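Undergrad: My questions will all concern the structure given below.
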Amino acid sequence: MGKVKIDPIVFWSSLIVIVAATLLLVFNRETAEPLLNNMMTDITFKLDWAFQFLTAGLFILLVWLIFGRYGKIKLGEGKPEFSNFSWGAMLFCAGMGTSIMFWSIMEPIYYYTGPPFGIKAKSPEAAEWAVTYGLFHWGISAWSLYALPTVTIAYSFFVKKQSSLKISTACRGILGKHADGLVGKIIDILVIWSLVGGLGTSLGLGVPMISAVIGELLGMEQSLGLSIIIILIWTVIYCSSAYLGLYKGIRKLSDINVYMALALALFVLLAGPTLFILSYFTNSFGLMLQNIVRMSFYTDPINKGGFPQGWTVFYWAWFAATAPFMGLFVARISKGRTIRELISAVLLWGSLGSWLYFAVFGGYAMNLQLNDIVPITEILDKQGGPAAIVAVLKSLPLSTIVLIFFVVLGFIFLATSLDSATYILSAIATKELVGEQEPARWHRLLWGGILAIMAVALLMIGGLKVIQTSSVIVSVPVIIIYLLLTVSLLRWLKQDYGSPSSKDLDLEEKAG
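In structure tokens:
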């Protein structure tokens, strides 16, 4: 099939933007941080309605696609490339990273001390909402933000036979020839920056958490040197996986990841207060279903307490910023699936995995707090989230083994996100990918190295939080990309199969 070639405009422009932005942060951190924080506050408070309607609207559209006649359309010829388990494992691991390990434990505690709807902090009512909001933020609404780009990109790549794995190409249904021009290049560069920003968020959470656990195991103080060593180990793992490619590297690492994640959750469920965890989850899940419309559109415009902006809108913006990457990666591994299968898998696999972790780890942490077994809120206030994570893990039986297992799982969890990201960064900056072609190995390793160097540089100046903030800012133009992707998909479907009201066709056969 010939050698794959880089897209020089996208590659060099993205590289220049990333290097320039990193250097600006390194040399102007004191002025950049407050400026970016103010921009983020403006976005979350002034565009809260936009992100709320975007997320709810995408869910309605996806349900329509699942149950409508277009759901039968098959994305590509032949059988699926991966088993259902490996497919689900890869899509879940790419989307979650170490974020789920951190937030499933800490998020309910934050909601307990700072609840929504004007509820009194640390009250029984606040405890009831603590896990409920975690289930909402990491459930179907969040995964709807990932599912729509995935469907459009998969349709573009496997049905329309577009030769590149890029967001700009997936927007060709509305952009036409402009997808190959300046507009298309800007979209791809923006996607690369949003992806790098989203990874900054994962590293910003993952590195301090793993550093704290390793420090506890080895009796070491957390230090810059330890954090750099952790990043270098991660780099070796995810670069090796990305170098081996989808079939030998990323798939196998994701399978291992899911088995380990399930094992840890099962251990905590059985070793902890099993009946309380199950009962608490059931109550929280019911409360979420009962109030999901209220939570989806809650902006608190009268009291202006800031809860929906600081949590819900921030999450929707963060997920939206990383959604193009998720869409590109999951689309690439979904050949041979129908639109109905693809959307259902993204929504259900993702949500079930997230709900399991919040049910088990969130329930366990809340039990420790409510029964005064471990003063988590006090540790959180005085020492921060990573220290609170360590305290929760140390309360389990066989705590030393649990801590070691947690570290290994943390390395693999983030590595499965980073190897997918490295793969997609190189795919976006590649001109064409035909059939089962993959981006060049040197290209994948190069992006892996760039991410590692950037992470170390930002860590040295304490700038990982700044890059996290910038990813939310980038999510604003991503709203426009969502609209382009939606219109592009609907136009293609109508052109290829007619309107939904026209006579039904055997869509699966026609697509296949």
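According to numbering that gives the first Met the number 0, the sequence shown holds residues 0 to 511 in order. C-beta atoms are modelled at their ideal positions from N, C-alpha and C, and glycine is treated no differently. Because the structure is a prediction, the values reported are computed rather than measured.
1. By Cβ distance below 7 angstroms, which residues in the same chain neighbour Ala146 in space, the five residues on each side in sequence not counted?
2. Under 8 angstroms, with one C-beta from each stretch per pair, do the stretch 276-292 and the stretch 113-132 reach the 3-pair mark?
3. According to DSSP, simplified to helix, strand and coil, what is Ile5?
4. Are Phe156 and Ala330 closer than 7 angstroms when you measure CB to CB?
5. Run through DSSP, which three-state label would Thr298 get?
6. Based on the DSSP secondary-structure assignment, which residues constitute the bridge partners of Lys73?
7. Taking 7 angstroms as the cut-off, decide whether the C-beta atoms of Met365 and Pro107 are in contact.
8. Applying the 10 Å Cβ sphere with the 16-neighbour rule, what's the burial state of Leu15?
9. Between which residues of its own chain and Leu488 is the CB-CB distance below 7 angstroms, once the five residues before and five after are set aside?
10. Rounded to whole angstroms, what's the CA-CA distance from Gln161 to Ile72? Just pull it up for me.
11. Residues bridged to Thr429 by DSSP?
12. Who are the near neighbours of Gly87 in its chain, counting only those whose CB is closer than 7 angstroms to its CB and skipping five residues on each side?
13. Following the continuous alpha helix (DSSP H) through Asn37, name the residue where it begins and the one where it ends.
14. From this set, Asn302, Ser143, Pro123 and Ile166, which residue's C-alpha is nearest Gln51's C-alpha?
15. If you draw a straight line from the alpha carbon of Gly180 to that of Gln221, how long is it in whole angstroms?
16. If we ignore side chains and look at the alpha-carbon of each, how far apart do Phe318 and Ile191 end up?
17. Could you check what DSSP says for Pro396 in three-state terms: helix, strand or coil?
18. Starting from Phe318, trace the alpha helix (DSSP H) in both directions and tell me its first and last residue.
19. Flag this pair as yes or no: are the beta carbons of Leu392 and Leu408 separated by less than 7 angstroms?
20. On the three-state DSSP scale, how would you describe Gly67?
21. Using the C-alpha atoms, what's the distance from Gly205 back to Gly224?
TA: Here's the rundown:
1. For this step, residue 146 is matched to residue 147 along the sequence shown. Excluding sequence neighbours, Ala146 sits near Leu61, Ile342, Val345 and Leu346.
2. yes
3. Locating residue 5 in the sequence shown gives position 6, where the first residue counts as 1. Three-state DSSP puts Ile5 in a strand.
4. Position 157 of the sequence shown, counted from the first residue, corresponds to residue 156. Position 331 of the sequence shown, counted from the first residue, corresponds to residue 330. Yes, the Cβ-Cβ distance between Phe156 and Ala330 is below 7 angstroms.
5. To locate residue 298, count along the sequence shown from 1; it is residue 299. Coil.
6. What you label residue 73 is simply residue 74 of the sequence shown in a count that begins at 1. DSSP output for Lys73 lists Thr337 as bridge partner(s).
7. Position 366 of the sequence shown, counted from the first residue, corresponds to residue 365. Position 108 of the sequence shown, counted from the first residue, corresponds to residue 107. Contact flag set, yes.
8. Reading the sequence shown from its first residue, position 16 is the one you call residue 15. One detail in the question is off: residue 15 reads as Ile in this sequence, not Leu. Under this definition Ile15 is an exposed residue.
9. What you label residue 488 is simply residue 489 of the sequence shown in a count that begins at 1. Val150, Thr151, Tyr154 and Gly172, listed in sequence order.
10. For the purposes of this step, residue 161 is identified with residue 162 of the sequence shown, where counting begins at 1. For the purposes of this step, residue 72 is identified with residue 73 of the sequence shown, where counting begins at 1. When rounded, the distance between both Cα atoms is 17 angstroms.
11. Stepping through the sequence shown from its first residue, residue 429 is reached at position 430. DSSP, once it has assigned bridges, lists Ile5 as partnering Thr429.
12. The residue labelled residue 87 in the question sits at position 88 within the sequence shown. Here the set comprises Ala344 and Trp348.
13. Locating residue 37 in the sequence shown gives position 38, counting from the first residue. Element bounds for Asn37: Arg28 to Lys45.
14. Residue mapping note: residue 51 aligns to position 52 of the sequence shown, counting from 1. Among Asn302, Ser143, Pro123 and Ile166, the Cα nearest to that of Gln51 belongs to Ser143.
15. If you number the sequence shown from 1, residue 180 lands on position 181. If you number the sequence shown from 1, residue 221 lands on position 222. Approximately 48 angstroms between the Cα atoms of the pair.
16. Along the sequence shown, read from residue 1 onward, the residue named residue 318 stands at position 319. Along the sequence shown, read from residue 1 onward, the residue named residue 191 stands at position 192. Using only the alpha carbons, I get a separation of about 14 angstroms.
17. Position 397 of the sequence shown, counting from 1, holds the residue named residue 396. Three-state result, Pro396: coil.
18. In the sequence shown, the residue the question calls residue 318 occupies position 319. Run containing Phe318: Phe313 to Arg331, per the alpha helix (DSSP H) assignment.
19. To locate residue 392, count along the sequence shown from 1; it is residue 393. To locate residue 408, count along the sequence shown from 1; it is residue 409. Not a contact, by the Cβ cut-off of 7 angstroms.
20. One-based indexing of the sequence shown puts residue 67 at position 68. Of the three classes helix, strand and coil, the one that applies to Gly67 here is coil, per DSSP.
21. Taking the first residue of the sequence shown as 1, we reach residue 224 at position 225. Taking the first residue of the sequence shown as 1, we reach residue 205 at position 206. Straight-line Cα distance between these residues: approximately 15 angstroms.
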